[in-house]
Amino acid sequence: MEAPDIERAGLNRYSNPGAGAITYYHNVEFLATKQLEAGTEIFLDYGVDYTETRPPLGGGMGLMPLEEDFKWADSIINKLMHSGLFEANDDSEKYYRLLRDIVRTMDRKKAKTLPEHVSDLKKASEEGAALYSDQDYIRSMDWLAENGACVDSMEGKLSTIQGAGRGAFLKRSVKKGDVIVTSPVIHFPYNNVMNMYDVQKKKNRNGKDDEIRASGYTADFYDGKKRFFKNRKKGHNIIGRQLLVNYCFGHPDSTVLLFPYLGNVGLINHGAEGKSNVKVQWPSSLERGPARKFHRKDWLDSTVEQLAGLDKHMSGVMIEIVATRDIEKDEEIFLDYGPAWEKEWDDHVNQWQPWSSNKKYVPAQDLNRQHLQGIPPERIRLERELREDPYPGANIATGCYLDFNHINILEEILPDTEEEEDEKMRRDIINWYQPSSVNLEEILTPANIQPCVIIDRQTVRGKDYYSALISANPFMDPTDNYNDPFLLELVNSRAELEVRKIPREAITLIDKPLTSDVHMKGTFRFPIMLPDEVFPEKWKNNKSN
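Under UniProt numbering, the residues of the sequence shown are numbered 1 to 545, in order.
Next up, the structure:
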């Protein structure tokens, strides 16, 4: 998976009411790691933590075999094949079944990697345990025609509506009544899950308010102060709604929200009556296509309370985007968002005022792209240089590419024991990777960006190398199992990491938390409204509001 493009689509907080109302992240690309034939199911490595920390679903996501389990199976199958003890006969089948039962009692995940019958060992040995475990990973064209649906009928480009950002455009002409795309949706029974709240304050030892930025101990690395907080608590005042709400379908009389997670559906812009050329409907047929298996029609007859009681880790409803007239190739697609949405947008535009502040805002991605325009890249400032020569925007901070899987501590500096307890810091010192020791393409990915403070610069043979302090992200939750163990150790032990010999290409400019357009106060937030005839009557639980 490649990093997404970051593009504001012509929107900015100084002139566009729609600034902050759309995502600026687009075009995530998935690259094949080997040759794939038509009909092959596509798999992505979610990482070990994903499967091990997920609650059991449909037989147990937590029991899904991992890479190490399949490698074990390949070794065992190879030994069984060369032992000569397991030929395809009744006695061998009995002993093989006993072997699988023994493995199952010891490790259920490993047991899942072994073939069901002794007669399957040869094929599993030839294909490998991982591929053999899923015999349906390649489907025929006939099967896809019966069970699948086209997902590449639209593409994203700059909208023809000024200030709307990006839009969805047809890649092929369609006739009136044609289904352009079918998308599963994630259901949210209660829309208050989209609310954002203020952060409670607590008194520090000096009697002053401290903002609680994260659970556990966390360093505020942006202002250079080492402040630590405990017991993060949500406030009671609603200060906004999540950006996701703008990509959801809803109804004025309901708390239910539906999020269509097939990529380009979210790019379809509003077209008032007379301009819209598509509509939303429930699947027109349950006899073929993905809806046959994945659309639960009975959910449409459930109450909101019943929806809330369903498995939160699965989607059971699908929608179709259908052409209401003939639409030509490369024509933009428009959906009528409904009168309630249109009124909300008109009110927002009438009340909107350009962003004003004595602190200048310059998106970090604009500075990072200067070299593409023939402009020399922004010079990386040291912490002490920022006082006299700050970055062009007050929102700009620095991030260092660092993968904690390759940490090798060179030196440890302990704090002065005479310092106050809250100010004690341990500093671990490492060198950045040697070019020969690591694949730089794997390191220089957005997932490895760690906020950092640049403290020193050295020039070697005309090339600049930097030293930086890596502290914990102030919004990081130490109870989250997805966090890196080494970074958690830094947080919990009140330590900071000094990384030396960092090349310029391993440092990027980032926006400080809560400074981008989507975090501005007063940004537009409102779901797309489905018409009465489409929205289930039993879901209309909010008619009095």
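Heads up, the beta-carbon is just placed ideally off N, CA and C, and yes, glycines get one too.
Per DSSP, reduced to three states, the secondary structure at residue 184 is strand.
Ranked by Cα distance from residue 404, the first of 169, 389, 165 and 433 is 433. Bounds of the alpha helix (DSSP H) holding residue 106 are 90-106. For the 8 Å CB-CB criterion, residue 65 and residue 112 form a contact. Across the structure, residue 322 and residue 528 are spaced so that their CA atoms are roughly 16 Å apart.
With a 10 Å radius around the Cβ and a threshold of 16 neighbouring Cβ atoms, residue 123 comes out exposed. Taking 8 Å as the cut-off, the beta carbon of residue 250 is found closer than this to the beta carbon of residue 191.
A check of alpha carbon separations from residue 324 across 279, 339 and 314 identifies 279 as the nearest. In the three-state reduction of the DSSP assignment, residue 544 falls in the coil class. In the three-state reduction of the DSSP assignment, residue 465 falls in the strand class. Taking the Cβ atoms as the reference, residue 41 lies roughly 5 Å from residue 137, within the contact range of under 8 Å. Within the same chain, Cβ atoms closer than 8 Å to the Cβ of residue 308 are found at 189 and 190, the five residues on either side in sequence being excluded.
Annotation for residue 281: the continuous beta strand (DSSP E) segment containing it runs 278-281.
Residue state for residue 349 is assigned as helix, using DSSP reduced to three classes. In the three-state reduction of the DSSP assignment, residue 266 falls in the helix class, which pools H, G and I. In the assembly as shown, residue 30 is an exposed residue. Its beta-carbon has fewer than 16 other beta-carbons within 10 Å. Residues 197 and 198 of the same chain have their beta carbon placed closer than 8 Å to that of residue 236, with the five preceding and five following residues left out of the count. The DSSP-derived three-state label of residue 73 is helix. Using a Cβ distance threshold of 8 Å, residue 450 and residue 402 count as a contacting pair. Taken through DSSP and simplified to helix, strand or coil, residue 318 comes out as strand. Beta-bridge annotation (DSSP): residue 155 is paired with 169. Scanning its chain for C-beta atoms nearer than 8 Å, with the 5 sequence neighbours on each side dropped, one finds around residue 383 the residues 224, 453, 454 and 455, in chain order.
Distance check between residue 462 and each of 106, 35, 504 and 287 places 504 closest, using alpha-carbon atoms only. Listed in chain order, the non-local C-beta contacts of residue 466 below 7 Å within the same chain comprise 380, 454, 456, 457, 502 and 507, local neighbours out to five positions each way being set aside.
Annotation note: the region 357-405 contains the following uninterrupted beta strand (DSSP E) runs of length 3 or greater, listed N- to C-terminal: 396-401. As computed with DSSP, residue 503 is found in a beta bridge with 465. Taking C-beta atoms as the reference points, residue 73 and residue 99 fail to come closer than 8 Å.
Residue 154 places its beta carbon 8 Å or farther from that of residue 186.
Just so you know, the alpha carbons of residue 542 and residue 516 end up roughly 33 Å apart.
Look at residue 527 here: in three-state DSSP terms it is coil, with no helix or strand label.
Residue 17 and residue 169 have their alpha carbons spaced roughly 23 Å apart. Under the Cβ criterion (8 Å, minimum of three pairs), the region 355-363 does not count as touching the region 326-341. Apart from the 5 residues on each side of it in sequence, residue 108 sits with its Cβ closer than 6 Å to the Cβ of 63 in its chain, given in chain order. Taking 8 Å as the cut-off, the beta carbon of residue 268 is found closer than this to the beta carbon of residue 335.
With a threshold of 16 other beta carbon atoms within 10 Å, residue 277 meets it and is buried. Around the Cβ of residue 385, a 10 Å sphere holds fewer than 16 other Cβ atoms; the residue is exposed.
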